[in-house]
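For any residue, its number in our numbering is found by taking its place in the sequence shown, counting from 1, and adding 126. We put the beta carbon where it would ideally sit given N, CA and C, even for glycine. Just so we're clear, the structure is a prediction, and the values are computed from it rather than from any experiment.
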Amino acid sequence: MPLSAEDAIPLRGLVTEELVQTAAITCARLLPHVHDRADLHGRDPLERYHNLLMGEIAELAVIAYLTGQGRCAVSAVDKAATIPDAGHDVVLRRRDGTAARCSVKSSLSYHHGIAAIPGQFRPAFNSREPRDINVQVYYHYNLRSEPRTTVAALAHAYVIGWAPERRLLGSEFAVYNGERRRVADLRLADLSPMAELLPLLS
Numbered sequence: 127m128p129l130s131a132e133d134a135i136p137l138r139g140l141v142t143e144e145l146v147q148t149a150a151i152t153c154a155r156l157l158p159h160v161h162d163r164a165d166l167h168g169r170d171p172l173e174r175y176h177n178l179l180m181g182e183i184a185e186l187a188v189i190a191y192l193t194g195q196g197r198c199a200v201s202a203v204d205k206a207a208t209i210p211d212a213g214h215d216v217v218l219r220r221r222d223g224t225a226a227r228c229s230v231k232s233s234l235s236y237h238h239g240i241a242a243i244p245g246q247f248r249p250a251f252n253s254r255e256p257r258d259i260n261v262q263v264y265y266h267y268n269l270r271s272e273p274r275t276t277v278a279a280l281a282h283a284y285v286i287g288w289a290p291e292r293r294l295l296g297s298e299f300a301v302y303n304g305e306r307r308r309v310a311d312l313r314l315a316d317l318s319p320m321a322e323l324l325p326l327l328s
């Protein structure tokens with residue numbers, strides 16, 4: 127059965143003000159050391175900061191969700207580092223006690239809300255990025271009803287689902303909307319709900 131909006135986990139219940147403050151401090155520290163990849167458009171410092179902040183909060187939200195479900199999940203990123211991370215964001219523990227590398231991607235929809243996001247968008251992983259476990263987080267604006275939301279907000283942000291490395295790498299890769307980068311040619315609806323990840327972890 128395809129993943130749907132009902133499977134998504136709202137960030138509003140996972141991310142506290144304290145976590146946002148911690149993420150903001152981390153991103154301010156990292157901003158001077160972040161450079162745009164060749165397959166992304168050039169970002170100015172404000173856009174780069176917003177992207178960093180959304181990604182950092184996405185990572186913290188995934189950790190909060192999994193630890194709240196009694197699973198081991200710790201950041202794999204040295205928040206004081208000035209060089210790129212190792213390509214994964216979180217270390218998880220499988221049922222057999224071995225470590226699993228988890229990559230978390232965050233994306234933003236300016237047009238579609240959560241009801242349409244699973245069927246409209248692809249996971250944001252290119253062919254070099256998948257790790258053992260890959261989680262997609264999505265933010266969306268709310269432009270048509272009150273209160274309007276024109277920046278990333280916890281009220282309109284969700285942990286969508288996850289996929290193992292083999293599922294992403296087993297797909298074709300297609301150009302991501304608005305970018306040169308190529309990503310797994312799947313829909314978010316092809317991912318598995320987060321609830322299905324829990325039995326695989328300890």
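Helix, strand or coil at residue i [DSSP, three-state]
| i | result |
| --- | --- |
| residue 275 | strand |
| residue 160 | coil |
| residue 293 | helix |
| residue 206 | coil |
| residue 287 | strand |
| residue 325 | helix |
| residue 319 | coil |
| residue 171 | helix |
Residue range of the beta strand (DSSP E) that includes residue i
| i | result |
| --- | --- |
| residue 198 | It is not in any beta strand (DSSP E) - residue 198 carries neither H nor E in the DSSP assignment. |
| residue 219 | 216-219 |
| residue 310 | 308-310 |
| residue 248 | It is not in any beta strand (DSSP E) - residue 248 carries neither H nor E in the DSSP assignment. |
| residue 131 | Per DSSP, residue 131 belongs to no beta strand (DSSP E) and is neither H nor E. |
| residue 226 | 225-235 |
| residue 300 | 299-301 |
Residue i and residue j closer than 9 Å at C-beta
| i | j | result |
| --- | --- | --- |
| residue 128 | residue 313 | yes |
| residue 259 | residue 133 | no |
| residue 247 | residue 229 | no |
| residue 284 | residue 263 | yes |
| residue 212 | residue 218 | no |
| residue 135 | residue 187 | yes |
| residue 251 | residue 184 | no |
| residue 194 | residue 140 | yes |
| residue 308 | residue 300 | yes |
| residue 130 | residue 315 | yes |
| residue 197 | residue 297 | no |
Exposure label - residue i; buried when at least 16 CB within 10 Å
| i | result |
| --- | --- |
| residue 244 | buried |
| residue 266 | buried |
| residue 190 | buried |
| residue 321 | exposed |
| residue 255 | buried |
Cβ neighbours of residue i in the same chain (closer than 8 Å, five flanking residues each side left out)
| i | result |
| --- | --- |
| residue 160 | 174 and 178 |
Residue range of the unbroken alpha helix (DSSP H) whose run includes residue i
| i | result |
| --- | --- |
| residue 259 | No alpha helix (DSSP H) contains residue 259, which is instead part of the beta strand (DSSP E) from 259-266. |
| residue 240 | Premise fails: residue 240 is in no alpha helix (DSSP H) and is neither H nor E. |
Residues near residue i by beta carbon distance below 6 Å, same chain, minus five either side
| i | result |
| --- | --- |
| residue 227 | 214, 257 and 258 |
| residue 192 | 199 |
| residue 220 | 226 |
| residue 324 | 195 |
Contact set for residue i: own chain, Cβ-Cβ below 7 Å, skip 5 residues either direction
| i | result |
| --- | --- |
| residue 152 | 182 and 205 |
| residue 289 | 249, 260, 317 and 318 |
| residue 138 | 280 and 281 |
| residue 168 | 162 |
| residue 149 | 179, 182, 183 and 186 |
| residue 156 | 178 |
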